[in-house]
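Colleague: A single structure is presented below for examination.
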Ligand SMILES: [Zn+2]
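The structure is reproduced here in structure tokens:
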């Protein structure tokens, strides 16, 4: 192929993912150690089993298997009659036993899919399999990067944390689709209550990317398997967020397309995403095909899980909840979509509908709260619920104006953690109530007998004088028209 | 080299149990691949010379609760890999019942401790005969329980799909009583089963074999030494005189058992022993080079010859391109052997054979010919492949050397083998 024709070629990108998700369980996958290691000293959440001490044995944490079944249901995957664990044998210093207990030919989930919205298009991404495995420990290199470190320390707190590896089909046609998928996946996992996005390292992504002739891609996005097999792909490792995934894969897409357009071959290799530099770098030039010598883990008998899919219930998922919100609360498509964007937001909103009109609450959450939060790069989890409820009460009972509620009170609540009533008080934002006006009116009548007399004598300026007195004593928060009316009423009776 | 009598112990110790219990006043030797909290557990290997477990194996906990006193960690072939106790990094153990001969293995220290009167009872482990073989060679009783009857939690793995902890004792009843103490389900071992949880094995040692059918697998008798065979036949006569009916049975697939056993055991060993990489366990450490080089040096230094041989062969058998030819085939053979046993138990209550086809070797005799040594496991390894229970009981002597008789039972049929064996005492 000449340089000219290569340049003229339209290239399409093909991406498949391996997503490692740390499942939220109270204890590790094969022992009773707590998974709540966030602020712990290294090697304090360990026992003979997760340290891989001689003689220690694994016992499956059924909560992790249940969580995996939930994920399987949400991904519309097949749950087999029986599932079992294998050993993946390789030497690495973070691996306590120098083998990892994982799943091989009988994974807990197979053949699923997840539908995502990309721009205005719905795309279905195939899930080849999803399996359970134990997390290795973590390494700390002292004195710089791995190749320059003086020595390395191992922390086994992470060893044995339950991981789920979700393997997609090579169904992505752009990094944007990858990002949309990962956002949707995270959302679904959060809805299931099996995942905590805030936890460090809870999501780790490896991606396979290759480029093919655009004309090989059919209308429906499918690509012949022999074309896929022939394309040299790179495996990009060390991606830890959906934002990172989009950046890393865009970089890699450009790199590969440029190579092909310049008539160079793409090397089949593993590349490392360097987040700080925003580039992928080749990891090992002579990366051999690894032989993990998988074989069945005899310490863990096969588990019969055929009945679990029916027995284990999963909560309403985002798509279903969005549709229900539209109908039940009479919301627009956009409102429903925004309100179900995360489980946190949806739960926050739905609780408000017990107390407030659903449309009123929706407009406050969608139009005001989410906007203010977005501006501050914060999540709804950081909002003081009781304070927000109080704010809506103040608006709902007409005690403050919508404008003041949003621009003064809400912002003060979010920025300074202020109490809404205190802000109203301090800023004098309260619409003065009828009683206070009435009191001020009666006071003005009692204190100014001369003006009252003048009024009865038909002197026009007397009423204006009395209105002025009332306005003064209410600090200007009373409505002049209403004061006028009330004064007349009292004086004429 | 240890200084204990017969070099039966790697470490002599005193671990006191509860004040009372079924084993109160009894001393027990515990094989050195069974974890004892605070007392080093070497597996007969230099690699673990300084390894002190921070926890007790479940069986050790049960010994303590039963009132036993643990008097020593018994010598063994390194990581259980051998059948003479000569591959121990702590020197060979002598056979108290046959001076100048090996005690068998790999639980040679446990058998010697009982035979030599250093302990009333002992725990051994049996991966392919490692309890029954030394029991036979030292003239004591040894039981390999059904896979899943006794917890393996704390047993340092050699081949985890095959091995069980089991008792050695001077008599069938004492061995069965020790089994009563250690048997039963354990939350820490997912392969333990509910079956046999409340059994009373000691009560089955009543010698009442009237009406029992004993199957004799021809394949397990024909290859035995003449002297061993004569002793075995005499023991069968003894049983028939007590009302036992003997029938010939056939286990055609056991001819593949030794090969299948070694492929599976070595494959599992290559994985189980991978953790000994010189970082947390090992001899000197501080090696030069990258991780792989450092791991390799640590393993070169810490493991003995036989362990290296088995780890290398096991790694090979699991490798891409060889997995199907070796590991997968061995698993098939394992299934056929299980099926053969099932068929045999349709005709007999228990099966009987010589435990070992030969009398105890002279010390040093077998070390140069590993293959010949592997073949002497022909009668014991099929039992592990089939997950079944078996007992070795003294059947007499040939040329003044002990001969053991093996009874094999159906899964969780420990009562039957205990009863049959007790009839020979
Ligand atoms: Zn643990």
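Chains as they are written, first to last, in full-length UniProt numbering: chain A, 1 to 493; chain B, 1 to 425. Yeah, the Cβ is synthetic: ideal placement off N, Cα and C, and Gly gets one too. None of the values given here were measured: they were computed from a predicted structure.
Listing by chain order, which chain A residues have their CB less than 9 Å from the CB of residue 295 (chain B)?
Modeller: In chain order: 91, 93 and 98.
Colleague: Please tell me whether, using a cut-off of 8 Å, the distance from the CB of residue 160 (chain A) to the nearest non-hydrogen atom of ligand 1 is below it.
Modeller: At least one heavy atom of ligand 1 is nearer than 8 Å to the Cβ of residue 160 (chain A), so yes.
Colleague: What separation, rounded to the nearest whole angstrom, lies between the Cα atoms of residue 48 (chain A) and residue 366 (chain A)?
Modeller: So the alpha carbons of these two residues sit roughly 50 Å apart.
Colleague: May I have the straight-line CA-CA distance separating residue 21 (chain A) from residue 104 (chain A), to the nearest angstrom?
Modeller: Taking the straight line joining both Cα atoms gives about 17 Å.
Colleague: Considering only DSSP beta bridges, list what residue 14 (chain A) is partnered with.
Modeller: Its beta-bridge partners are A:210.
Colleague: Along the chain, where does the alpha helix (DSSP H) that runs through residue 329 (chain B) open and close?
Modeller: 329 to 344 is the span of the alpha helix (DSSP H), which, as asked, contains residue 329 (chain B).
Colleague: Just to confirm the assignment, what range does the beta strand (DSSP E) spanning residue 164 (chain A) have?
Modeller: Run containing residue 164 (chain A): 162 to 168, per the beta strand (DSSP E) assignment.
Colleague: Report yes if the C-beta distance between residue 348 (chain B) and residue 214 (chain B) is below 9 Å; otherwise report no.
Modeller: It is a contact, given that the beta carbons lie within the stated cut-off.
Colleague: Taking 9 Å as the CB-CB limit, is residue 300 (chain A) close to chain B?
Modeller: Residue 300 (chain A) counts as touching chain B.
Colleague: Does the beta-carbon distance from residue 30 (chain B) to residue 74 (chain B) come in below 9 Å?
Modeller: Cβ atoms of residue 30 (chain B) and residue 74 (chain B): closer than 9 Å.
Colleague: Pull out every residue of the segment 274 to 287 of chain B whose Cβ sits closer than 9 Å to any Cβ of chain A, in chain order.
Modeller: Within the segment 274 to 287 of chain B, the residues whose Cβ lies closer than 9 Å to some Cβ of chain A are 274, 275, 276, 277, 279, 280 and 281, listed in chain order.
Colleague: Starting from the beta carbon of residue 320 (chain B), find every residue of chain A whose beta carbon is closer than 7 Å, and list them in chain order.
Modeller: Chain A residues near residue 320 (chain B): 291.
Colleague: Return yes when the C-beta of residue 45 (chain A) is under 8 Å from any heavy atom of ligand 1, and no when it is not.
Modeller: At least one heavy atom of ligand 1 is nearer than 8 Å to the Cβ of residue 45 (chain A), so yes.
Colleague: Going by beta carbon distance, what residues of the same chain come within less than 6 Å of residue 231 (chain A), once the five residues before and after it are set aside?
Modeller: Only 210 and 212 meet the Cβ criterion.
Colleague: When DSSP labels each residue in this structure, what does residue 323 (chain B) get in the three-state scheme?
Modeller: Correct three-state label for residue 323 (chain B): coil.
Colleague: Taking the alpha carbon of residue 317 (chain B) as the reference point, which residue from B:275, B:369 and B:264 has its own alpha carbon closest?
Modeller: Of B:275, B:369 and B:264, the residue nearest in Cα terms is B:264.
Colleague: Closer than 9 Å, CB to CB, is residue 291 (chain B) near chain A or not?
Modeller: Closer than 9 Å to some Cβ of chain A, the Cβ of residue 291 (chain B) qualifies, so yes.
Colleague: Span of the alpha helix (DSSP H) holding residue 418 (chain B)?
Modeller: Here the alpha helix (DSSP H) through residue 418 (chain B) covers 414 to 422.
Colleague: Is the beta carbon of residue 108 (chain A) sitting closer than 9 Å to the one on residue 68 (chain A)?
Modeller: A contact, by the Cβ cut-off of 9 Å.
Colleague: Confirm the yes/no value for this check: CB of residue 55 (chain A), any heavy atom of ligand 1, distance under 8 Å.
Modeller: For ligand 1, not one heavy atom lies less than 8 Å from the Cβ of residue 55 (chain A).
Colleague: Taking the alpha carbon of residue 336 (chain A) as the reference point, which residue from A:430, A:355, A:354 and A:359 has its own alpha carbon closest?
Modeller: Ranking A:430, A:355, A:354 and A:359 by Cα distance to residue 336 (chain A) puts A:359 first.
Colleague: Distance check for residue 185 (chain A) and residue 214 (chain A), CA to CA, integer angstroms please.
Modeller: Their backbone Cα atoms lie some 28 Å apart in a straight line.
Colleague: Is any beta-carbon of chain B found at less than 9 Å from that of residue 162 (chain A)?
Modeller: False, the Cβ-Cβ gap to chain B never drops below 9 Å.
Colleague: Identify whether residue 38 (chain A) lies in helix, strand or coil by the three-state DSSP scheme.
Modeller: Correct three-state label for residue 38 (chain A): coil.
Colleague: Whose C-beta lies closer than 7 Å to the C-beta of residue 95 (chain B) among residues of the same chain, with five residues either side of it excluded?
Modeller: For residue 95 (chain B), where only same-chain residues beyond five positions count, the Cβ hits under 7 Å are 101, 102, 103, 112, 137, 138 and 360.
Colleague: For a test of your reading of the model: does the CB of residue 325 (chain B) fall under 8 Å from any non-hydrogen atom of ligand 1? Yes or no.
Modeller: Checking the Cβ of residue 325 (chain B) against ligand 1 gives no.
Colleague: Return the residues of the segment 137 to 171 of chain B that lie within a Cβ-Cβ distance of less than 8 Å from chain A, sorted by chain order.
Modeller: Listed in sequence order: 152, 153, 154, 155, 156, 157, 160 and 161.
Colleague: Between residue 361 (chain A) and residue 352 (chain A), which are expected to be in contact by the criterion C-beta below 8 Å, what is the C-beta distance as a whole number of angstroms?
Modeller: Confirmed, Cβ separation roughly 4 Å.
Colleague: Given a cut-off of 9 Å on the beta-carbon distance, is the pair residue 23 (chain A) and residue 224 (chain A) in contact?
Modeller: The answer is no: Cβ separation not under 9 Å.
Colleague: Could you tell me whether the Cβ of residue 87 (chain A) comes closer than 9 Å to any Cβ of chain B?
Modeller: By this cut-off, residue 87 (chain A) is an interface position.
Colleague: Roughly how many whole angstroms lie between the Cα atoms of residue 417 (chain A) and residue 384 (chain A)?
Modeller: One C-alpha to the other measures close to 8 Å.
Colleague: List the residues of chain B whose Cβ lies closer than 8 Å to the Cβ of residue 60 (chain A), in chain order.
Modeller: Near residue 60 (chain A) (Cβ distances below 8 Å), the residues of chain B are 190.
Colleague: State yes or no: is the C-beta of residue 82 (chain B) nearer than 8 Å to some heavy atom of ligand 2?
Modeller: Because ligand 2 does not appear in the structure shown, any question about it cannot be addressed here, the ligands present being ligand 1.
Colleague: Mapping DSSP to helix, strand and coil, what is residue 377 (chain B)?
Modeller: In this structure, residue 377 (chain B) counts as coil in the three-state DSSP scheme.
Colleague: Please list the terminal residues of the continuous beta strand (DSSP E) segment that includes residue 407 (chain B).
Modeller: 401 to 408 is the span of the beta strand (DSSP E), which, as asked, contains residue 407 (chain B).
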